Each structure stands twice: as structure tokens, then as C-alpha cells.
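Before any comments, here is the structure.
Numbering (this note's numbering), first residue to last: 675 to 1191.
Here it is, written out as C-alpha cells:
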């Protein structure tokens, strides 16, 4: 169906693009929809609004399918294909993230069995923008890239982050390719687009976006549209849990401590030590795997995951290792516990619905857990200090990025948009920063960014992997695990990455530290 009229669409688009004043005359309203003479498909609702607000015909092209239900990366979504992209409805997100763009640049290269990681890389160049993918964006393509973006901050023009949100990061430098018309063009690939130089056209039409949506749907073509659009259900809303005072009968920390997992006796155990690495004590003493311990903010308990009853579930114990209680009882793995700031709830990742999602549960286990996310794999939650939001990592875009969401399941916000993996987020005690792990420079290193995702900067400087960061209670230092000395050992550094000191030195791995008081 798409294959039959694709050539007509290409010609018609060039006419429309070079005579933009005619577009209004060739589109018309039909009820709440926008329809076009050149295609039988209309756009309506939030997709039509997004299409108009974020670039319209030059950026997205004409619709080439109706709005329809499709499974994208394991998630059933309402989507609509356009000549240049695919728009996906995500009503669980706040605008503008309730409409997300497909990564059609990546998808097109994958369909052709082309590994974009193998494209030649370049170093920083004058008058160009250089990205962490190792590619420059220059000249006319840079001007076209800067002229559009996903409006986020409400300020005039488009920032680098806004243009990146629309087109993604560059996957190549400029290179010559033969396109579907059998002519050679200079092109540059991005995560969501292919920019093409057409010097035969007068400015600004010498830079065009490739028809990736139409190209992807050629083989195999989708079934002809005909089904009615199915409304998407709202995500479950998590209710707030009243704050309760800590049990006075429980032992309580009298000074800051670091808990961590250590594999010293053939299995992983929960240990506790002083922040200078002294007095390392095994708390769990179990033949099972006990992992990812976290101290409660009130200084009385430790949550951790354990396989002592079969698969991984969430357990809670006193800070001296007594009174171990199972909090979750699920045949699928429950992992990555994180305490709420008032110590009344625990966020964790669970595979109970097939992929990993973030759940919230009362710390006493009295109520059923509440599902917070409903996307691709979501893991490693961390609470904002005010208890209103949870940050986590998710591979919904094909690689791991960091997101934040309100505890009622609304206002999902991507904090990193990278072709690399960004993982293990931890909110700082004052709430203004997030420390995380990224392999954007090749190996895993510790980075810090503002809590809105701005100004990421690298802190650890070793060539070996650095993972599992955790803030000191005053936010001035970061403890982390590093493979710079045989296996993984624990280190601490200032929040600027200086004054690195080793805390552990044993034969087994020491990982997943958490610093509390």
C-alpha cells in the first residue's frame, strides 16, 4: 500500500517544501482532524498537535498510515507513521513527552545490517559541534539541525538539548551514499533522522530529511489500516503513605556507615563498615546471595535483595543483622531496593510482569505493591529527597538512559538521551544533583549532572570500570566500586573527582556501596 504511492509522495513533498505557502491550501480540517489531498490518511488529536508544533511537513512529512496499534520494543502503543518518522503516543507522560519519536535512523541502519558504531569517527573541529558519539555536525547540516527542536524550555529558538531531543545524536560524520533515486548525496545519520545535502536546491532547501518512515515500511509493508484506534489506559496512581515514627526498640546508627555487598566466602553477603574502611562486619551470614543493601534514612534498617528462599526477593533487617524479614514474595526476581526519604516505603525493580518495572511497597509489607512504571526494562530506582519523584534507568530506547517520574506515575521525564548506556542513578542529599554511571567515553565512569539532566560531567578518571556510586550524607563525597585493582574494590572521592581513597582490599569483589547515617 505504502510502496505504491511512495514515489508520488516524494515528488509532492518537494513541491510542497519549496512552496510552503501552498501547504495550507492542500490540507484541510475534517472534524478535529487535519487531512491532505496527497494521501488518504489524516492526523488528529495529540499527534496532530505535536506534528504542527514541532516542525510539520518539513520535519515529519505526510502521514503514510492511519493511527494504529503496534508493538514497539515489546510495548503495545498507538502510533502513526509519517514519511520521515514514526510518532508514538505515551499518555502516561507529561507533554511534550507524551508523544515520542521512533529511532528511525538506528532502525534503518539495522534493517540494512549496517553497524553505525563502525562508521569512522573524528575529533573536535572548529565551527562544528562535536558529540560524545565521536562525530561532528558542521556547515549546512548543523544550521538545519539547529533550526528545529523539541520545544522544552519555552525560550525562543532551540537549544542543543532541544535539537538533540528531536533528531537524536549523530551516528556518523558527513559521508557520500547512493540513495533510492540512484544518485549519490552527502548525508549524515542521526538516531532519528538522515540529513541529506541537495546542492541543486536554493537555500534553505539544500538540506532535506530522508524519507526514513517510507523506506522502513517498504519491506515488509504493514497490513492496510482499518482498525479503530484503541484508547490507552491511564497508568495506576500510587497513593501517598503516611509518615510513621521509627520503632524505638530497633538499634539505630550513631555515626555514618557504609553498607555493601562482598563476595569473600564464595557467595555475596551484606557487610557494614566505617566510612574510612575500618571495622568491616558481615551482617547477613547466609549461604544464599545477599546483594544491593541500602540503609534506611532513619538509620534503623537495611533493605537488600536475597535468593535465600529461591529467587531474588526484597528483605529488610535491623542494622545489626537481626530480625531479617522477607518483604516481597514473588516467583520472579525483585531487586534494587531504595528507601523513601521518610523510611516508610521502598521502591524496587520486579520482573513479575515479564520485563522489569519499578514498584513501590510499604516498608512493613502490609499492603500490596503498586506499579510505578509500565515501559521497557526499568531498574535501579532512587528517590528525590522530597519524596515526590523517583529516578531510574530504562532501556526503552534500545540503550539505557535515565528517567524521572512522579510517585503517582505521572510526568515522566528523560534526563539523559544518549547512544551510550547511562545507569545507576542516585539522587544527591540536597536534591540538586544526580550521580550516575555512563560508558559514553568507552568504559564505565562516574558522572554527575543536575537533577534536570543538565550539565553532565565526568568525575572518575581511571581507565577501568567505575560503577555503583553513592553519595555521602553531606553530599561532599562519593563512594563507588572500581575494577582498577584486580577485582572490584570500594573507593571514595570528593564530589569533584579528586582525593580518591581505597576502602577495601580483599580477594572477593566488593560492590554496591550505600552510605547512610
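Even glycine gets a Cβ: it sits at the ideal position worked out from N, Cα and C.
These numbers come from a predicted model, not from an experiment.
*Following the continuous beta strand (DSSP E) through residue 645, name the residue where it begins and the one where it ends.*
There is simply no residue 645 to check, as the chain begins at 675 and stops at 1191 in what is shown.
*Quick one: Cα of residue 1152 to Cα of residue 1001, how far?*
Straight-line Cα distance between these residues: approximately 29 Å.
*What first and last residue would you give for the beta strand (DSSP E) that runs through residue 869?*
868-871
*Mind checking whether residue 890 and residue 758 have CB atoms under 8 Å apart?*
no
*asked:* Taking the beta carbon of residue 1014 as the centre, do at least 16 other beta carbons fall within 10 Å, making it buried, or is it exposed?
replied: buried
*Mind checking whether residue 1011 and residue 977 have CB atoms under 8 Å apart?*
yes
*With distances taken from CA atoms, which of 1082, 1087, 1069 and 1101 is nearest residue 1095?*
With distances taken between Cα atoms, residue 1095 lies closest to 1069.
*Just tell me which of 1111, 1093, 1125 and 1008 has its CA closest to the CA of residue 845.*
1093
*Consult DSSP for residue 734 and reduce its assignment to one of helix, strand or coil.*
helix
*Rounded Cβ spacing between residue 866 and residue 751 (contact assumed at less than 8 Å)*: Wrong, their Cβ atoms sit about 16 Å apart, outside the cutoff.
*residue 1188: which of 946, 749 and 841 sits nearest, CA to CA?*
946
_From the DSSP secondary-structure annotation, give me the bridge partner or partners of residue 1151._
As a beta-bridge residue in DSSP terms, residue 1151 pairs with 1168.
*From residue 754 to residue 708, what does the alpha carbon distance come to, in whole angstroms?*
14 Å
*Measure the C-alpha to C-alpha separation of residue 739 and residue 1056 and round it to an integer number of angstroms.*
40 Å
*Ignoring anything shorter than 4 residues or poking outside the stretch 782-837, list the alpha helix (DSSP H) runs there in chain order.*
813-820
*Spatial neighbours of residue 937 in its chain, beta-carbon cut-off 6 Å, leaving aside the 5 residues before and after*: 1182 and 1183
_In the DSSP output, which residue or residues are listed as bridge partners for residue 1182?_
Beta-bridge pairing links residue 1182 to no other residue.
*Thinking just about the alpha-carbon of each residue, which of 762, 1053, 1154 and 1139 is nearest to the one in residue 1115?*
1139
*In terms of alpha-carbon separation, which member of 841, 858 and 843 lies closest to residue 849?*
858
*Who does residue 947 pair with in a DSSP beta bridge?*
Under DSSP, residue 947 shares a beta bridge with 932.
_Proximity of residue 1155 and residue 1142 at Cβ, strictly below 8 Å_ = A contact, by the Cβ cut-off of 8 Å.
*Using the rule of at least 16 other Cβ atoms within 10 Å of the residue's Cβ for burial, across every protein chain shown, is residue 929 buried or exposed?*
exposed
*Which listed residue (1067, 761 and 792) has its alpha carbon closest to that of residue 733*: 761
*asked:* I need the DSSP call for residue 1174, collapsed to helix, strand or coil.
replied: coil
*Please classify residue 742: does DSSP put it in a helix, a strand, or coil?*
strand
*Ignoring anything shorter than 3 residues or poking outside the stretch 954-1009, list the beta strand (DSSP E) runs there in chain order.*
964-969, 975-980 and 987-992
_When you compare the CB positions of residue 862 and residue 872, do they come within less than 8 Å of one another, or not?_
Not in contact: residue 862 and residue 872 (Cβ atoms no closer than 8 Å).
_Cβ pair residue 823, residue 777 closer than 8 Å_ = In this structure, the beta-carbon distance from residue 823 to residue 777 does not fall below 8 Å.
*Applying the criterion that 16 or more other CB atoms from any shown protein chain within 10 Å of the CB defines a buried residue, is residue 1176 buried or exposed?*
exposed
*Is residue 721 helix, strand or coil by DSSP?*
helix
*To the nearest angstrom, report how far apart residue 619 and residue 809 are at their CA atoms.*
The question about residue 619 has no answer, for the chain in this structure spans 675 to 1191.
*Can you tell me which of the three DSSP states residue 762 falls into?*
Strand.
*Counting along the chain, where does the beta strand (DSSP E) carrying residue 773 start and finish?*
773-775 is the extent of the beta strand (DSSP E) around residue 773.
*Round the Cβ separation of residue 943 and residue 956 to the nearest angstrom and send it over; I've been treating them as touching at under 8 Å.*
Their Cβ separation, rounded to whole angstroms, is 5 Å, which keeps residue 943 and residue 956 in contact under 8 Å.
*Evaluate contact between the stretch 960-974 and the stretch 987-994, counting only Cβ atoms and requiring at least three cross-stretch pairs below 8 Å.*
For the pair of segments examined, the stretch 960-974 was found to touch the stretch 987-994: the number of CB pairs separated by less than 8 Å reaches three.
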